[in-house]
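Contents: one structure, followed by commentary.
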Amino acid sequence: MPVLTLPLVEIALLAEPKLACFDGRVRDAAHSSFYNYFGTLSLAARDTISPGKMKPAPFDYHAPRKLEEAAELLASLPNAKILAGGQSLVPMMNFRYVIVDHLVDLGGIEDLRGIDVAEGRLRIGAMMRQRDLELSPEIARHCPLMAEALRHVGHRQTRNRGTIGGSLAHADPAAELPAICAAYDAVVHAASVRGIRAVPFRKFSAGFMATALSPDEMIAAIDLPLWRANAGHGFHEFARRQGDFALAGAAALLDVDAAGIVKRAALALFGVAEGPLRLAAAEAALTGQVLDFTAIRNAAAAARLIEPISDIHASGDYRRHLAQVLSTRALIDAARRAGVDV
Amino acid sequence: MGKQATRVTVNGKSHARVVDARLTLADFLRHELGLTGTHLGCEHGVCGACTVLLDGRSTRSCLMFAVQANGCEVTTVEGLTPDGGLSVLQQAFVDNHGLQCGFCTPGMLITLTELLRDNAEPSEQEVREALNGNLCRCTGYAGIVAAALDAARQLRAGTGG
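Okay, structure coming up:
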C-alpha cells in the first residue's frame, strides 16, 4: 500500500524504525529527540482519524486564570498535561506520541509572566515567550548570554509562542535555554497544590528529557543569580541549518578582575549529553589563572574527556570535537567581553 | 469529549464556534471558515506553510489549538490581500520570481509581513534569518529574498501598490 494512503498512525509505525539510531534511541531532524522518549507508540487511538482534521487524540481543554486553579486541576485530573507554548508538545500530540485526557493551558495566567530584577537575581516568569525575552531590555542588560542564546532557539514563529518554562520542562538535550540555566546555576520554582519549592538547576535536570518535576507540578518562575555587570559571556553552537537543533553548543561566563585573573568561570555544553553539561574541569582550570589564549585552550581541552552520544546526525567523536572548538570560541568571546584581549 | 466555545477574529471578522478542543487553528481556518489560503505542509511545525499572524505575531497555526486563539486576532494570507489587487509584497513576489508552485507562499508572505512591519530596512542576512522557519522546495529562496528586499525598498519609498 502506498504510504500516502495509510492512516497517520500506520505512517508513524512505518517511520519509526527508520528513526532508530545507533544507541537504540530515536532522533528526528526537526524535533530532535522527542521520539526517543516517546519512542514506543501509544497506539490506543480512541477514534478514527479523518484526513485533514484533528490529528491529536481527543482531550478536555482547561484554561485556568490563576496559578492555584492550575495546580488544583493538575492534582485532580487524571492523565493531564500542561500546555505552555506548545511548540514541542503539540507536534508530539499531532503524531499521537503523546495522548492526554486533559490539557491545562497556562497561557491565561498573568502571574506566570513578567521579568523582575531584585536581590542579585533575575526572575523570569515561566510563561514568558522566548521572543519577548529575546527582545527584552532587561534580559539584554542583565543576562546577555540568554539574549544571545535565544536567537538560536527554533525559529521566529516558534519563539513567538514557545516559553522558557516549556523549554526547561521539555528538557531536550540539544536545547539552548536549559544550558543557559545550567551555566547560571539557576533556581527553578516548581508550583503544585503543596505550594512552591525551589529546585537548584543541577537537581532539576534529571537525565534524558527528564526533570525533577512531579506529574502535578509546574514551573512558576526561574531565578538566575546575576554575575558582576562587567563579566563576559560567549555562546556558540553548530547546527547544519540555522534554526535546527544544534549538534553541539557551548555557553560561557567569565568574571575577570583588574589584573586579568579569572575570579569565576562557568562553561555549559549542550547537545553532547543527556542534559546540559557543566564542564567543571574547564572552570577549575581557568579560575585563579591569568586569562589568555593558552589558558582558554587548556581549559577547553577538558571537552576531550566527554563521551557524547552518537546518532544519525553526528558521531560522538564529531560532537566531542565540536564541544572543544565551540568551548574555545565561547570562552574567547567571554574573555573579550570581559575586557581581556585574547 | 472536549467540545469548547471559541471566538476568533479572523481578517477583521469575528467568528464564534463550538469546536473540538483538539482542532488545530490551521484546521479551524481551513475547515470551519473555508480560508484555504493557509496551507498545511508538515503539521508538526517544521515547514512554516501554515504561518499566520496571531495578534500581529507570526505563529504556526498547526501548533496551536483553535480554543487557544479564543479572543485573539488572526490574520491569514487572505487578510494580507487588498481588494482587487495584490499587496506590495505580493506583487514583488510576482516580479522577482518569488514563487513557483506556491505552496509555501502564504507562510512566506505572513513571515515577511511581520519582518517588514518591524524592520523597514532589513539586510539580506536579516531576511534570510527571518525566513529560516519557512521551507521552499522550488525557488532556492533567491527569488523570495529578492522579493522581500524589493518590497522593502518600495515600501520605504512609498512607491508600491
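Line by line, the protein sequences give chains G and B.
Start counting the first sequence at 1; every next residue gets the next number (this note's numbering).
Start counting the second sequence at 1; every next residue gets the next number (this note's numbering).
Just so it is clear, CB atoms sit at the ideal spot from N, CA and C, and this is done for glycine as well.
Remember, it's a predicted structure, so these values are computed and weren't measured experimentally.
Here G/T294 is exposed. Its C-beta has fewer than 16 other C-beta atoms within 10 Å. B/A69 and B/T6 have their C-alpha atoms spaced approximately 7 Å apart.
In the structure shown, the three-state DSSP call for G/Y61 is strand.
With 16 or more other Cβ atoms from the protein chains shown falling within 10 Å of its own Cβ, B/P122 counts as buried. Using a Cβ-Cβ cut-off of 7 Å, B/E43 is close to K55 and N94 of chain G, given in chain order.
Of the candidates B/V74, B/L80, B/S61 and B/L89, the residue whose Cα lies closest to the Cα of B/V145 is B/L89.
Listed as beta-bridge partners of G/R123 by DSSP are G/D116 and G/D223.
Here B/D20 is buried: its Cβ has 16 or more other Cβ atoms, across all protein chains shown, within 10 Å. The Cβ neighbour count for G/L305, taken over all protein chains shown within 10 Å, is under 16; the residue is labelled exposed.
The secondary-structure analysis by DSSP pairs G/S315 with nothing; it has no beta-bridge partner. Within 10 angstroms of the beta-carbon of B/D118 lie fewer than 16 other beta-carbons, which makes it exposed. Under the Cβ criterion of 9 Å, B/F103 is not counted among the residues facing chain G. Inter-residue distance for G/R337 and G/A231 is about 7 Å (C-alpha atoms, whole angstroms). Its chain contains N298, A299 and A302 as the residues whose beta carbon lies nearer than 7 Å to that of G/A285, once the 5 sequence neighbours on both sides are disregarded; these appear in chain order. In the three-state DSSP reduction, G/P91 falls in the helix class (H, G or I). Boundaries for G/G166: no beta strand (DSSP E) harbours it, while the alpha helix (DSSP H) harbouring it runs I164 to H170, taken from the DSSP string.
For G/I219, the closest alpha carbon among the candidates G/I124, G/F270, G/S315 and G/A323 is that of G/I124. The beta carbons of G/L247 and G/R319 sit about 6 Å from each other, so the pair counts as a contact at 8 Å. Pairing G/L122 with G/D255 gives a Cβ-Cβ distance that is not under 9 Å. For B/E73, the uninterrupted beta strand (DSSP E) segment begins and ends at E73 to T75.
Per DSSP, reduced to three states, the secondary structure at G/M218 is strand. Counting along the chain, the unbroken beta strand (DSSP E) around B/T9 starts and ends at K3 to V10. Chain-order list of chain B residues neighbouring G/Q87: G45, R60 and L63, by C-beta distance under 8 Å. Among the residues of chain B, those whose CB is under 8 Å from the CB of G/P58 are M1, G2, D20, A21 and R22, following chain order.
Any Cβ of chain B closer than 9 Å to the Cβ of G/D105 would place that residue at the interface, and such an atom is present.
Within chain G, the residues placing a beta-carbon under 7 Å from that of B/V67 are Y61, ordered along the chain.
In summary, the residues of the region 133 to 146 of chain B whose CB is separated from some CB of chain G by less than 7 Å are G133, in the order they occur in the chain. Inside the region 271 to 309 of chain G, DSSP marks whole alpha helix (DSSP H) runs of 4 or more residues at positions 280 to 286 and 293 to 300, from first to last along the chain. Inter-segment contact for the region 24 to 33 of chain B and the region 58 to 72 of chain B is present: three or more beta-carbon pairs are separated by less than 8 Å. For B/T51, the secondary structure class from DSSP, reduced to helix, strand or coil, is strand.
With fewer than 16 neighbouring CB atoms inside 10 Å of its own CB, G/I196 falls in the exposed class. Measuring C-alpha to C-alpha distances from B/K13 to each of B/H31, B/C72 and B/S87 identifies B/C72 as the nearest.
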